[in-house]
Amino acid sequence: MEKLTPQQIDRIHNYLLQSGLSNELLNELLDHLVCEVEHYLWIGLPFESALEKTLMDANADSVQKLRKLYQQELAFSDAQLAEASLDDILFQFRNKSYGAYSLRQSYQKTLAYALSGALGLGLMMIALLHLISQKNWTYWSPWGMVWIIGVGIVAGAVVMYFLQQERWEPVPNRDAR
Numbered sequence: 349m350e351k352l353t354p355q356q357i358d359r360i361h362n363y364l365l366q367s368g369l370s371n372e373l374l375n376e377l378l379d380h381l382v383c384e385v386e387h388y389l390w391i392g393l394p395f396e397s398a399l400e401k402t403l404m405d406a407n408a409d410s411v412q413k414l415r416k417l418y419q420q421e422l423a424f425s426d427a428q429l430a431e432a433s434l435d436d437i438l439f440q441f442r443n444k445s446y447g448a449y450s451l452r453q454s455y456q457k458t459l460a461y462a463l464s465g466a467l468g469l470g471l472m473m474i475a476l477l478h479l480i481s482q483k484n485w486t487y488w489s490p491w492g493m494v495w496i497i498g499v500g501i502v503a504g505a506v507v508m509y510f511l512q513q514e515r516w517e518p519v520p521n522r523d524a525r
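Counting with the working numbering, you get residues 349 to 525 for the letters of the sequence shown.
Listed below in structure tokens is the structure:
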């Protein structure tokens, strides 16, 4: 694969600067345009032809449309960026429309509820096996109390899980904007 010289990369960079892009979008587009020019160089075009073909594909109108789209949908204000988590940055607008953002936000709590439920079921199973082997069932024995604690843990995990499901934020309708 052909690599561009720093002077060739500067030429593409200057073209993007003239388009009036923000630094974040400029760096992203620069990477894509450099890769595209390198591809055309690899298939045998000279640099000038490769650059011309790439810039025709990414004309100023396309770049301006992409800039507006970036500002509308992907850019955070400084206040939002200061408060944003990594998940917020990665998933903003992209996956909220089909619920992946909410699902990812609930992973830790769901995992805690699942582990609590498994612990409770394990306690219940141990108590049940011990009580069956003794052929004596009483809730007030130590193993009966283990059974009751297990039932309580499972019930608490199930209730908390379903209460969490009710608190999911509604998915905003992107078409309404």
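Just so you know, even glycine gets a beta-carbon here, dropped at the ideal spot from N, CA and C.
Alpha carbon to alpha carbon, how far is residue i from residue j?
i              : j              : result
isoleucine 391 : leucine 381    : 16 Å
glycine 464    : asparagine 375 : Residue identity differs from the one stated: residue 464 is serine in this sequence, not glycine. Straight-line Cα distance between these residues: approximately 47 Å.
valine 507     : valine 499     : 12 Å
lysine 351     : histidine 387  : 9 Å
proline 394    : aspartate 358  : 17 Å
threonine 402  : glutamate 384  : 7 Å
valine 494     : leucine 459    : 23 Å
glutamine 453  : leucine 476    : 36 Å
methionine 473 : leucine 373    : 57 Å
methionine 462 : alanine 505    : The question names methionine, yet the displayed sequence has alanine at residue 462. In a straight line, the C-alpha of alanine 462 is about 7 Å away from that of alanine 505.
tyrosine 509   : threonine 353  : 57 Å
histidine 478  : asparagine 484 : 9 Å
isoleucine 480 : alanine 503    : 23 Å
asparagine 371 : glutamine 356  : 19 Å
glutamate 396  : serine 367     : 20 Å
methionine 404 : tyrosine 455   : 45 Å
For residue i, count the other beta carbons within 10 Å of its own beta carbon; 16 or more makes it buried, fewer makes it exposed. Which is it?
i              : result
leucine 365    : exposed
tryptophan 491 : buried
leucine 399    : buried
Might you give, ordered along the chain, the residues of its own chain that have their beta carbon closer than 8 Å to the beta carbon of residue i, omitting 5 neighbours on each side?
i              : result
isoleucine 501 : Ser464, Gly465, Leu467, Gly468 and Leu471
isoleucine 496 : Tyr487
leucine 482    : Residue 482 is actually glutamine in this sequence, not leucine. These residues qualify, in order along the chain: Trp491.
Keeping to the same chain, check which residues put their C-beta closer than 6 Å to that of residue i; ignore five residues upstream and five downstream.
i             : result
leucine 389   : Glu350 and Ala398
serine 489    : none
glutamine 512 : Lys457
Leaving out five residues before and five after residue i in sequence, what residues of the same chain have Cβ atoms less than 7 Å from its Cβ?
i             : result
histidine 361 : Leu378
Does the beta-carbon of residue i, which I'm using as the reference point, lie nearer than 8 Å to any heavy atom of the ligand HEM?
i           : result
glycine 492 : The ligand content of the structure shown is nil, which means the ligand HEM is not present either.
What beta strand (DSSP E) runs, 3 residues minimum, are completely inside the stretch 464-488? For the stretch 464-488, not a single whole beta strand (DSSP E) run of length 3 or above is found.
At 4 residues or longer, what runs of the alpha helix (DSSP H) sit wholly inside the stretch 379-409? Uninterrupted alpha helix (DSSP H) stretches at least 4 residues long and entirely within the stretch 379-409 occur at 395-405, given in chain order.
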